[in-house]
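Trainee:
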Amino acid sequence: MTPVPTADQAVIDATRYDAVVFDLDGVVTDTASVHSRAWRRLFDEFLTARPAARDEDHSAFTDEDYLRYVDGRSRYDGVRTFLASRGIEVDEATVRGLGDRKDHYFLRSLEEEGTHAFPGTVALIGQLAASGLSYAVISASRNCADVLAAAGLQDVFDVRVDGLAARELGLAGKPDPAVFLVAAHRLGVTPSRTVVVEDALAGVEAGRAGGFGLVIGVDRDDHADELTAHGADLVVADLAEVSVVPEYEPAR
Ligand SMILES: O=P(O)(O)OC[C@H]1O[C@@H](O)[C@H](O)[C@@H](O)[C@@H]1O
Numbered sequence: 086m087t088p089v090p091t092a093d094q095a096v097i098d099a100t101r102y103d104a105v106v107f108d109l110d111g112v113v114t115d116t117a118s119v120h121s122r123a124w125r126r127l128f129d130e131f132l133t134a135r136p137a138a139r140d141e142d143h144s145a146f147t148d149e150d151y152l153r154y155v156d157g158r159s160r161y162d163g164v165r166t167f168l169a170s171r172g173i174e175v176d177e178a179t180v181r182g183l184g185d186r187k188d189h190y191f192l193r194s195l196e197e198e199g200t201h202a203f204p205g206t207v208a209l210i211g212q213l214a215a216s217g218l219s220y221a222v223i224s225a226s227r228n229c230a231d232v233l234a235a236a237g238l239q240d241v242f243d244v245r246v247d248g249l250a251a252r253e254l255g256l257a258g259k260p261d262p263a264v265f266l267v268a269a270h271r272l273g274v275t276p277s278r279t280v281v282v283e284d285a286l287a288g289v290e291a292g293r294a295g296g297f298g299l300v301i302g303v304d305r306d307d308h309a310d311e312l313t314a315h316g317a318d319l320v321v322a323d324l325a326e327v328s329v330v331p332e333y334e335p336a337r
């Protein structure tokens, strides 16, 4: 017999939702840490080399900086948002130069170390497929296809709305919900019957702003309270904690 989930278990009710839209880095693949390390290297080099100025904060880049100002944002938006948080103004050419240097660091790590999909996410996708729910992947990253391929997931998502698509379509970045809304539209589902799964503060904010039926925050960095404050309806440490109900039972 199928066990009945208790109220405090994280569930996706297949009678209430038609689809799930997953963020990529940190939700599907273990690449949030690769991005975070590349950003740390870039900004620490930049801040150390920059001459002291009274209204600028040149202290080292922290995990908190990553979560607040960079995570989930597009490449150049991340540069602008972080530097603004330190009172640092630079021209657009510098923003682009810094973003491109960080991309070089990121791609080098990806090539040297590879990446993998989180087993809990892969298992949840299996449950969704078995229960007839559809799913898509979104990302602020222009490297989404390469990351999926590096994790062996190139054939898993029929719908992908990534940083390249956002640029092509002129979509605003998170916390604007545009990428999620385009993904829902391409899946042929309504936001209110769609679940968003995100690990970034800007991402859960986007899920809330887009009117999505359920926003699940994934907390791998001990920032569950902030995810809730920014719009997550429930927070899990890993998607292995989430089950789809009613569970699909094959006919005998
Ligand atoms: O520079 P890319 O690969 O296009 O990625 C943009 C952003 O993509 C997001 O998914 C990451 O959280 C950010 O750290 C990253 O900066």
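First residue of the sequence shown: 86, per the numbering used here; consecutive thereafter.
In this text, a Cβ means the ideal position worked out from N, Cα and C, and glycines have one as well.
For Gly302, verify whether its CB is less than 7 Å away from any heavy atom of ligand 1.
Mentor: Not so, every heavy atom of ligand 1 lies at least 7 Å from the Cβ.
Trainee: Classify Ile210 as helix, strand or coil using the three-state DSSP reduction.
Mentor: Note: Ile210 maps to helix in three-state DSSP.
Trainee: Candidates Pro136, Leu256 and Val241: which alpha carbon is nearest Asp247's?
Mentor: Ranking Pro136, Leu256 and Val241 by Cα distance to Asp247 puts Leu256 first.
Trainee: Pick helix, strand or coil for Glu149, following the three-state DSSP scheme.
Mentor: Looking at Glu149 - three-state DSSP - the assignment turns out to be helix.
Trainee: Pairing CB atoms from the stretch 200-207 with CB atoms from the stretch 181-188, are three or more of them under 8 Å?
Mentor: No, the stretch 200-207 is not in contact with the stretch 181-188.
Trainee: Let me know the secondary structure DSSP gives Phe242 once reduced to three states.
Mentor: Coil, per DSSP.
Trainee: Can Phe128 be considered in contact with ligand 1, in the sense that its beta carbon sits closer than 7 Å to one or more heavy atoms?
Mentor: No.
Trainee: Between which two residues does the beta strand (DSSP E) containing Ser219 stretch?
Mentor: Ser219 to Ile223 is the extent of the beta strand (DSSP E) around Ser219.
Trainee: In this structure, does DSSP put Thr114 in helix, strand or coil?
Mentor: Here Thr114 sits in strand by DSSP.
Trainee: Considering Cα atoms alone, identify which of Leu209, Arg193 and Leu238 is closest to Phe280.
Mentor: Position check: residue 280 holds Val in this sequence, whereas Phe was assumed. Of the candidates Leu209, Arg193 and Leu238, the one whose C-alpha sits nearest the C-alpha of Val280 is Leu209.
Trainee: Is it right to say Glu290 is buried, meaning 16 or more other beta carbons lie within 10 angstroms of its own, or is it exposed?
Mentor: When all chains shown are included, Glu290 counts as buried.
Trainee: Taking a contact to mean a Cβ-Cβ separation below 8 Å, would you say Leu272 touches Val244 in this structure?
Mentor: Contact flag set, yes.
Trainee: Considering only the alpha carbon of each residue, which of Ser328, Phe167, Val330 and Asp323 lies closest to Gly111?
Mentor: When only C-alpha atoms are compared, the closest one is Asp323.
Trainee: Near Asp304, what residues of its chain come up, given a Cβ to Cβ distance below 8 Å and the 5 sequence neighbours on each side ignored?
Mentor: Cβ within range, chain order: Asp284, Leu312, Val320, Val321 and Ala322.
Trainee: In the DSSP assignment, find the unbroken alpha helix (DSSP H) run with Asp30 in it and report its ends.
Mentor: What the structure shows of the chain is the stretch from 86 to 337, and residue 30 is not part of that stretch, so it cannot be assessed.
Trainee: Does the structure place the stretch 169-187 close enough to the stretch 215-234 that three or more beta carbon pairs sit under 8 Å?
Mentor: No, because fewer than three Cβ pairs between the stretch 215-234 and the stretch 169-187 fall closer than 8 Å, the two stretches do not touch.
Trainee: Quick check: is any heavy atom of ligand 1 less than 7 Å from the C-beta of Ala234?
Mentor: For ligand 1, not one heavy atom lies less than 7 Å from the Cβ of Ala234.
Trainee: On a CA-only basis, which of His143, Pro262, Gly295 and Arg139 is nearest Thr133? Give me that one, please.
Mentor: If we check each option's Cα against that of Thr133, His143 comes out closest.
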